[in-house]
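Enquirer: Under this note's numbering, the final residue of the sequence shown carries the number 178; numbering is consecutive throughout.
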Amino acid sequence: MRLHIGGEEIKEGWKILNIQKKPGVDFIGDITDLSQFDDESVEEVYASHVLEHIGITKISSTFNGIQRVLKKGGKFYISVPNLDTLAQIFVKIPEGQNKYSIMTMIYGGQTDSHDFHYIGYWPSFLFSVLSHAKFKRFEKVEFFNIFNDTSMMTLPTKNGAIPVSLNVIAYKD
Numbered sequence: 006m007r008l009h010i011g012g013e014e015i016k017e018g019w020k021i022l023n024i025q026k027k028p029g030v031d032f033i034g035d036i037t038d039l040s041q042f043d044d045e046s047v048e049e050v051y052a053s054h055v056l057e058h059i060g061i062t063k064i065s066s067t068f069n070g071i072q073r074v075l076k077k078g079g080k081f082y083i084s085v086p087n088l089d090t091l092a093q094i095f096v097k098i099p100e101g102q103n104k105y106s107i108m109t110m111i112y113g114g115q116t117d118s119h120d121f122h123y124i125g126y127w128p129s130f131l132f133s134v135l136s137h138a139k140f141k142r143f144e145k146v147e148f149f150n151i152f153n154d155t156s157m158m159t160l161p162t163k164n165g166a167i168p169v170s171l172n173v174i175a176y177k178d
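1) DSSP on Ile15, reduced to helix/strand/coil?
2) According to DSSP, is Ala92 helix, strand or coil?
3) Quickly, what does DSSP pair Ser53 with across the bridge? List them, please.
4) What do you reckon, is the C-beta of Gly79 under 6 Å from a heavy atom of the ligand MG?
5) To which residues of the same chain is His54 closer than 8 Å at the C-beta, ignoring the five residues directly before and after it?
6) Determine the closest residue to Phe121 out of Lys20, Thr67, Met108, with distance taken between C-alpha atoms.
7) Measuring straight from C-alpha to C-alpha, what distance separates Pro128 and Glu147?
8) Evaluate the contact criterion for the segment 161–169 versus the segment 69–77: three or more CB pairs, one atom per stretch, below 8 Å.
9) If we require 3 or more residues per run, which beta strand (DSSP E) segments fall completely within the segment 114–173?
10) What is the DSSP secondary structure of Gly34, reduced to helix, strand or coil?
11) Please classify Glu14: is it buried, with 16 or more other beta-carbons within 10 angstroms of its beta-carbon, or exposed?
12) Can you give me the C-alpha to C-alpha distance between Ile24 and Ile59, rounded to a whole angstrom?
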């Protein structure tokens with residue numbers, strides 16, 4: 006099984022776990038509690054712009070839960086707003102130009118009770134969290150090209166488009 010956490014896009018070969026009941030959702034649940042899945046039952050986990058919705062106190066147990074459900078050789082696709090990138094863009098752009106949209110990428114759009122960001126990720130922090138969850142191998146990538154989602158989002162700048170997401174693939178050995 007391949008599990009798309011927080012997803013909405015129906016795609017052959019993938020099951021969707023979402024905290025909200027929506028069309029196409031296969032499992033209702035929260036990324037912080039994957040107890041409905043057996044140990045080593047999932048080949049791939051995809052979580053795009055989901056992990057920032059988890060409080061600091063639940064990060065370790067959440068990543069350990071993902072490690073638990075992944076089969077050996079499994080992949081964990083992670084996409085989170087890149088706090089390094091967003092902070093740099095925010096302080097450099099003139100007032101009124103995308104500052105509001107960048108602020109919502111940092112803190113969440115807050116359109117409902119699930120749309121709040123509790124933590125920010127930057128590469129060294131995410132790599133540290135992955136290491137503590139016993140992921141020994143991970144790589145930063147520009148895009149996944151699996152789903153049409155925020156993992157591919159860019160912001161236009163004078164020097165071209167800048168990806169706003171930190172995209173990482175972690176492997177369970």
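Glycine is no exception: its CB is placed at the ideal position from the N, C-alpha and C atoms.
Expert: Looking at the coordinates:
1) Walking along the sequence shown from the start, residue 15 turns up at place 10. Ile15 falls in the coil class under three-state DSSP.
2) Within the sequence shown, residue 92 is the residue found at index 87, counting from 1. Ala92 falls in the helix class under three-state DSSP.
3) Here the question's residue 53 lines up with position 48 in the sequence shown. In DSSP, Ser53 forms a bridge with Ser84.
4) Only the bare structure without any ligand can be found here, which leaves the ligand MG out of the picture.
5) Within the sequence shown, numbered from 1, the residue matching residue 54 stands at position 49. Residues Gly11, Ser84, Val85, Pro86, Asp154, Thr155, Ser156, Ser170 of the same chain have their beta carbon placed closer than 8 Å to that of His54, with the five preceding and five following residues left out of the count.
6) The count along the sequence shown starts at 1 and reaches residue 121 at position 116. Of Lys20, Thr67, Met108, the residue nearest in Cα terms is Met108.
7) For this step, residue 128 is matched to residue 123 along the sequence shown. For this step, residue 147 is matched to residue 142 along the sequence shown. Pro128 and Glu147: Cα-Cα distance of roughly 13 Å.
8) no
9) 142–146, 159–162, 165–168
10) Taking the sequence shown and counting its residues from 1, one reaches residue 34 at position 29. Three-state result, Gly34: coil.
11) In the sequence shown, the residue the question calls residue 14 occupies position 9. Looking at its Cβ environment, which holds fewer than 16 other Cβ atoms inside 10 Å, Glu14 is exposed.
12) Here residue 24 is taken as the residue at index 19 of the sequence shown, counted from 1. Here residue 59 is taken as the residue at index 54 of the sequence shown, counted from 1. So the two alpha carbons sit approximately 12 Å from each other.
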